[in-house]
Amino acid sequence: MKSATKHNPHNPYANLDPFNAVSLAADKIAPTWPLDQSIAVNPWWKLRDMDMAKAAAKLRVLGNVRMLMPKSYYQSLWQTTLTEAHLDEAKKQLNVTANTTQLVEYLSTPDNTKQWVHISDFLDEQASHLYKISWREEVLQQISNFCAFYLEHNDSKSLSNNAFYKAWRTSAITDKGMQILTGENHLSELFESLPKDADKLVAEHLYALTGKHIDEAAWEDYVYALVLDINGWASWLAYDEWQAGLYGKEHEELLKQLVVIRMAWDLVLWRNTALTDKNLFTQLNYTFHQQLLKSQQQQFQCENEHQWLWVWHKASEIQFQETMQEKLVSAKSQQTATPALQAVFCIDVRSARYRTKLEAQHDDIETYGFAGFFGLPIAYAPSISKNTRPQLPGLLKPTLVAQQIASTVQKNKSRNKLQKTLSWRMAADTAPSSFGIVESQGLLKVFDLLKQSI
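In case it helps, the working numbering puts the sequence shown at residues 704 to 1157.
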């Protein structure tokens, strides 16, 4: 995606690159790994260069993400586990001058943080929309369904320009069901009027929604709020881009195109409101621009309002650390017999079976789990498959491939066995056939069911 307006001297946004906000928003999304190689990564680690309190305020306002416990939680800890000494130490570390009475009374005050209201949310809140399909649900479901279908059936080797956005636009135009379900007669033509090029969509969207004056920081906040609205799919596409970068491969920049798709939905809802209800559009226009103008101010206010909440959070951390230290200091040493063998494994479900088998060999064998990687950058390639399976943490890439070697007879035997197992399992897992399989096998199936249950 390249800027289509950057070098135009007559452009009202000569000092603003709208596509930069798309890139910045996409860059703030951390990847999420598939279940078979899931990694405990902070979902907000892309904000690691920001001060924690500022990042928390931004996420709270733009995405309704809470990085702190509610005030009621700290109220329940006060005078039970948390003491004034803990608060004093927390105030000292955070350089806060409030006294204990002020901090305690603060927990009884309401949280006045104002959250970002999306166009879909604004329309759903109107009395005229009370008995209609939720725009928020429709937007998220349509995007989710499209992403699932595209990623399952699209050839990932295709790197045609803006293919993801173009495919979404085509699907939105051809899906007449949305217009019927929502009862909006202009929906199909509005989707068809969207630019075929993602860059043009961004420029057109900016001009249509913001007029000729907008602060760059406010524009970036708006785009980031849209990405947080679809953070699940955004995180998955960030994983695809992470993998491509890890292996030095080209990719379609699907994450940025997803941002554009979410922007396109806002443009459609904006124009549809202008066509169907002039009074409501006037309210929407005013509310939207006021939100843009006050975005930075609201984040600043949220950061200030939660300053004392961070004191309570720090106090709870201090109390927890003290408790752990007391337990460690007061723990009594115990004499244990020297084991015949000790072995350390990675904390991994794949290691569990080896640990169990090894410990079963002798009572004096001990195994331990350790959160670490043992330095073997290997991918495993079975003889009956063209695919390889990385045998190392997902943050790294293998540099060696362990290829299983087998004769043609062995390959065919293993492949036939695998196909039979998979076919039988698929048949047994389908609802209509499960009863028939049990009936046909009789009591033999009981042992298999018991084994699976245990």
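We put the CB at the ideal spot given by N, CA and C, even for glycine.
#### Entry: Residue closest to Leu-912, alpha-carbon to alpha-carbon, out of Ile-822, Thr-979, Lys-952 and Lys-997
Looking at the Cα atoms, Ile-822 is the closest of the given residues.
### Query
So what does Ala-1105 bridge to, in DSSP terms?
Looking at the DSSP assignment, Ala-1105 forms a beta bridge with Tyr-1083.
### Query
Can you tell which of Ala-760, Pro-737, Lys-731 and Leu-738 has its C-alpha closest to the C-alpha of Trp-747?
For the set Ala-760, Pro-737, Lys-731 and Leu-738, the Cα lying nearest the Cα of Trp-747 is the one of Lys-731.
### Per DSSP, the bridge partner or partners of Pro-1093
Answer by DSSP bridge pairing, in chain order: Ala-1082.
### Query
Going by the C-beta, is His-1065 closer than 7 Å to any heavy atom of the ligand MN?
The ligand content of the structure shown is nil, which means the ligand MN is not present either.
#### Entry: Three-state secondary structure (DSSP) of Lys-860
Per-residue confidence for Lys-860 stands at a pLDDT of 47, beneath the threshold of 50, marking its modelled position as unreliable; no derived number is given.
### Query
Closest to Ala-920 by CA distance: which of Pro-721, Thr-985 and Gln-1122 is it?
Measuring from the Cα of Ala-920, the nearest candidate turns out to be Pro-721.
### Beta-carbon proximity of Ala-1109 to Ser-1117, cut-off 8 Å
Against a cut-off of 8 Å, the Cβ pair of Ser-1117 and Ala-1109 comes out as a contact.
### Message
Please identify the residue among Thr-803, Asp-814 and Gln-882 whose C-alpha is closest to the C-alpha of His-789.
### Response
Proximity to His-789 across Thr-803, Asp-814 and Gln-882 peaks at Thr-803, based on C-alpha coordinates.
### Message
Just verifying my parser: in three-state terms, what is the DSSP assignment at Thr-735?
### Response
Coil.
### Query
Alpha carbon to alpha carbon, what distance is there between Leu-750 and Gln-1159?
Look at the range of the chain in this structure, 704 to 1157, and you will see that residue 1159 is not part of it.
### Query
Do Ala-756 and Trp-1013 come within 8 Å of each other at the CB atom, strictly closer than that value?
Using a Cβ distance threshold of 8 Å, Trp-1013 and Ala-756 count as a contacting pair.
### Query
Taking C-alpha atoms, which residue in Thr-735, Ile-883 and Leu-810 lies nearest to His-1016?
Taking only the C-alpha atoms, the option nearest His-1016 is Leu-810.
### Message
Under 8 Å: do the segment 889-902 and the segment 966-986 share three or more Cβ pairs, one atom per stretch?
### Response
With a cut-off of 8 Å on Cβ pairs, the segment 889-902 is in contact with the segment 966-986, counting three or more such pairs.
### Task
Return the chain-ordered list of same chain residues with a C-beta closer than 6 Å to the C-beta of Lys-761, the five sequence neighbours on each side being excluded.
The beta carbon of Lys-761 sits closer than 6 Å to those of Gln-1002, all from its chain and outside the five residues before and after it, given in chain order.
### Message
Helix, strand or coil for Glu-1069? Go by DSSP, reduced to three states.
### Response
Of the three classes helix, strand and coil, the one that applies to Glu-1069 here is strand, per DSSP.
### Pair within 8 Å by beta-carbon distance, Gln-1022 and Leu-785
With respect to the 8 Å criterion, Gln-1022 and Leu-785 are classified as neighbours on the basis of their beta carbons.
### Leu-958 versus Asn-888: straight-line alpha-carbon distance, rounded
Leu-958 and Asn-888: Cα-Cα distance of roughly 31 Å.
### Query
What's the C-alpha gap between Lys-860 and Gln-844?
Confidence in Lys-860 is poor, its pLDDT being 47 and thus under 50, which makes the residue's placement unreliable; the coordinate value appears in the next sentence. Going from the Cα of Lys-860 to the Cα of Gln-844 covers about 26 Å.
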